[in-house]
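Residue 1 is where the sequence shown starts when you use the working numbering, and the numbers rise one by one after that.
A short write-up of the structure that comes next.
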Amino acid sequence: SQFRCTLYVPKVLNRGIAGDTIRDLDRRWDEDVLALEPDVVSIKIGVNDVWSRFNPDCSDRAVPVDEFQKTYDRCLTRLRGQLPDAQTVLCEPCGIWPPAPATGNAELQPYLRAIHLLAEKHGVFALVELHRAFVDAMAREPEIDLMADGVHPTPPGDMLIARRWREPVARCH
């Protein structure tokens, strides 16, 4: 007997911009997300909103958590309004430990909570818990450099993100 298997290969469009905060994402939202009419929207933002306050060259770009949550909520509300069938995946920001100031980890916690609240409010397709994954992996294997500067993942860090992203998304299918 013969059977035919059709493989669906998604088209992935990465619209992330290094250094962006939620304010930047909000300004680009219509053009970079809504206009493309995606079936799946995966968002990973927040580390620059916190990290910027530790960098004297861009401390004016830091976004307080209440503004972060309101702006993120506005983006998600617009997404639901224009593309109600789009599957939404929210990813926690990860990073901010030495070499970045250690207090950054504590300051990141309210942003993580905000993302969890938004995931619940908007009934997202999946929530990817990245921060704890990075903290745990670094504790288990400190010799593996997952994020050299506290913000930008190395190739092993990218692999950890990809694996963690796939887990909840695969469970939803």
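Don't be surprised by glycine CBs; every beta carbon is placed ideally from N, CA and C.
- Residue 69 is positioned such that its CB atom lies closer than 7 angstroms to that of residue 114.
- Residue burial annotation: residue 160 is buried, with at least 16 other C-beta atoms found within 10 angstroms of its C-beta.
- Within the same chain, and ignoring the five residues on either side of residue 168 in sequence, the residues whose Cβ sits closer than 7 angstroms to its Cβ are 126, 127, 128.
- DSSP links residue 126 through a beta bridge to 89.
- Judged by DSSP secondary structure, residue 144 falls outside any beta strand (DSSP E); it is assigned neither H nor E.
- Classified as buried, residue 71 has 16 or more neighbouring CB atoms from the shown chains inside 10 Å of its CB.
- Judged by pairs of C-beta atoms under 8 angstroms, the region 33-46 touches the region 75-93, as three or more such pairs exist.
- Between residue 108 and residue 50 the beta-carbon gap is near 5 angstroms, inside 8 angstroms, which marks them as a contact.
- Here the alpha carbon of residue 73 sits roughly 26 angstroms from the alpha carbon of residue 55.
- Taking 8 angstroms as the upper bound for CB-CB distance, residue 151 and residue 110 are not in contact here, some 18 angstroms apart.
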